[in-house]
Amino acid sequence: MLKLGNIGLEVPFFQAPLSGYSDYAMRKLGLSFGAPLTFAGVMLAKSATHPKVLRKPFFRPRDDEHPIGAQILGNDPLVMAAAAKELVAVGYDLIDLNFACPAPKVLRRRRGGWLLREPERIIEIYSRVRDAVSCPVLMKLRTGFNSSGAERDNFYRIVSVASEENIDAVVVHPRTVVQKFTGQADWELLAELKQQFPQTTIIGSGDLFDAQTGADLLKTTGVDGLLIARGAVGNPWIFRDLRAVLAGKPIPERPGIEEQGRTILEHFELVAGIYKLQKAVRFIRKFLVNYCKLHPKRKEAQKTLLAAGNKKELLAGIKHWYGVS
Ligand SMILES: Cc1cc2nc3c(=O)[nH]c(=O)nc-3n(C[C@H](O)[C@H](O)[C@H](O)COP(=O)(O)O)c2cc1C
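Numbered by numbering that gives the first Met the number 0, the letters in the sequence shown go through residues 0 to 324 in order.
Dropping the structure here:
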């Protein structure tokens, strides 16, 4: 059981906010394969306070996907608080504050990971948001802007204040902002962090591509939960596998070709329910690259599926390589 404020999850992991990926289709698939909670991709707080934006179905959670979290990005405490309120009003169940994004356009505007250099601002944002909503509030951090001692001190100051204020959870991707995705996530740092803040719910993120690795890291580091991110892209089975391994059962066999094909079809139908058909065919390609990794003829299957220019060609490709339609 993982407690995030007043929301209890029966298993200690959930699906990450993944900008450009974690739309309703990926979330729904994640839930059906065993994720107890999913997140929409990060939203700009300023946009979320714009009345027109949250009227669009794309930005609103649907009835069949609770609990679902929203994550916001911004540097103005009042705007962040207003956005959190709006998001809860349209149905999101948790709010996560993004102080981790390393994208240059985000850093240029002093948002996301940039704010790790301004701990006092992060603390104020947290406090305003905490006062504005009654749902669980989390924050997502990297372990500093860069690896200098001063930046590391900033990181510890943020966690320390958040911990004193009884934050519902701190989600940490243990790389610095300048590292982006290079090198390896520093799970030893997470183990130390948990020792230092035993009363705080700490969720670890980074390089979680298979269930066994996740289960091992959960045990060895003592963190309270895992955030499954890239490991779930084109691989929703990771949630099924995590449930099994954490229950002490063997990890199920890899899905057979037909099951892979049926899952791709299911994913495509969900995607086609969100976007116009041509866009859906293009949009699902980034997932297909990963789905094809499980296929014994990966390269050939991938070549056909990525070359499909419309629904008919895509379905024909799936039928050819997976035997399902
Ligand atoms: C394409 C992509 C989009 C991401 N979008 C978000 C996001 O919207 N919010 C966020 O907090 N993290 C985001 N992340 C970071 C992930 O949630 C996660 O912390 C990171 O990928 C490390 O975990 P992993 O190595 O297991 O993927 C994103 C990562 C990727 C690769």
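Ideal placement from N, C-alpha and C gives every residue a C-beta, glycine not left out.
Any heavy atom of ligand 1 closer than 8 angstroms to the Cβ of residue i?
| i | result |
| --- | --- |
| Gly7 | no |
| Val41 | yes |
| Pro16 | yes |
| His172 | yes |
| Gln70 | yes |
| Asp167 | no |
| Asn289 | no |
| Ala99 | yes |
| Tyr20 | yes |
| Ser204 | yes |
| Gly230 | yes |
| Ala161 | no |
| Ala83 | no |
| Ala184 | yes |
| Asp95 | yes |
| Ile201 | no |
| Lys139 | yes |
| Leu207 | yes |
| Phe13 | no |
| Ile256 | no |
| Arg226 | First, the amino acid is wrong: residue 226 is Leu here, not Arg. Yes, since a heavy atom of ligand 1 falls inside the 8 angstroms radius drawn around the Cβ of Leu226. |
| Phe180 | yes |
Tell me the DSSP secondary structure of residue i in three-state form.
| i | result |
| --- | --- |
| Ser204 | strand |
| Arg116 | helix |
| Gln14 | strand |
| Arg141 | strand |
| Lys298 | helix |
| Asn97 | strand |
| Ile227 | strand |
| Gln70 | strand |
| Ile6 | strand |
| Thr37 | strand |
| Val128 | helix |
| Met334 | The chain is shown from 0 up to 324; residue 334 falls before or after that span and cannot be answered. |
| Val323 | coil |
| Ala168 | strand |
| Val232 | coil |
| Val158 | helix |
| Val136 | strand |
With 16 other CB atoms within 10 Å as the buried threshold, where does residue i fall?
| i | result |
| --- | --- |
| Glu85 | buried |
| Arg110 | buried |
| Leu276 | exposed |
| Gln259 | buried |
| Ser133 | exposed |
| Val176 | buried |
| Ala47 | buried |
Taking residue i as the reference, which of the options has the closest Cα?
| i | options | result |
| --- | --- | --- |
| Thr200 | Lys275, Arg107, Leu137, Cys291 | Leu137 |
| Gly68 | Met0, Asp152, Asp92, Ala279 | Asp92 |
| Ala315 | Phe286, Val280, Lys292 | Val280 |
| Pro254 | Lys2, Cys291, Ser147 | Cys291 |
| Asp206 | Leu216, Ser324, Arg284 | Leu216 |
| Ala214 | Gly247, Trp236, Phe196 | Gly247 |
| Asp63 | Lys27, Lys285, Ile273 | Lys27 |
| Leu178 | Ile227, Asn145, Pro35 | Note that residue 178 is Gln in the sequence shown, not Leu. Nearest C-alpha to Gln178: Asn145. |
| Asp22 | Gly203, Ala47, Lys318, Ile283 | Ile283 |
| Ala80 | Leu36, Glu252, Val128, Ser31 | Val128 |
| Asp95 | Leu3, His294, Gln194, Ile256 | Leu3 |
| Pro101 | Asn234, Lys139, Val87 | Lys139 |
| Ala271 | Leu313, Gly29, Trp320 | Leu313 |
| Val160 | Tyr125, Val176, Met0 | Tyr125 |
| His294 | Val87, Phe12, Ile256, Ala307 | Ile256 |
| Glu252 | Ile263, Thr262, Ile237, His266 | Ile237 |
Got a sec: is the Cβ-Cβ distance from residue i to anything in chain B below 9 angstroms?
| i | result |
| --- | --- |
| Phe32 | Within the model displayed, chain B is absent; a lone protein chain is all it includes. |
Exercise. Pair every Cβ in the segment 295 to 305 with every Cβ in the segment 239 to 251, then say whether three or more of these pairs are closer than 8 angstroms.
Key: Output reads no: the segment 239 to 251 does not touch the segment 295 to 305.
Quiz item: Would the segment 38 to 45 and the segment 61 to 74 be scored as touching if the rule is three or more Cβ pairs under 8 angstroms?
Solution: These segments touch.
Exercise. Determine, using beta-carbon pairs with one atom in the segment 188 to 206 and one in the segment 219 to 229, whether at least three such pairs fall under 8 angstroms.
Key: Using a C-beta cut-off of 8 angstroms, the segment 188 to 206 makes contact with the segment 219 to 229, since at least three inter-stretch Cβ pairs fall below that distance.
Quiz item: Can at least three beta-carbon pairs, one atom from the segment 7 to 21 and one from the segment 143 to 160, be found at a separation below 8 angstroms?
Solution: Using a C-beta cut-off of 8 angstroms, the segment 7 to 21 makes no contact with the segment 143 to 160, since fewer than three inter-stretch Cβ pairs fall below that distance.
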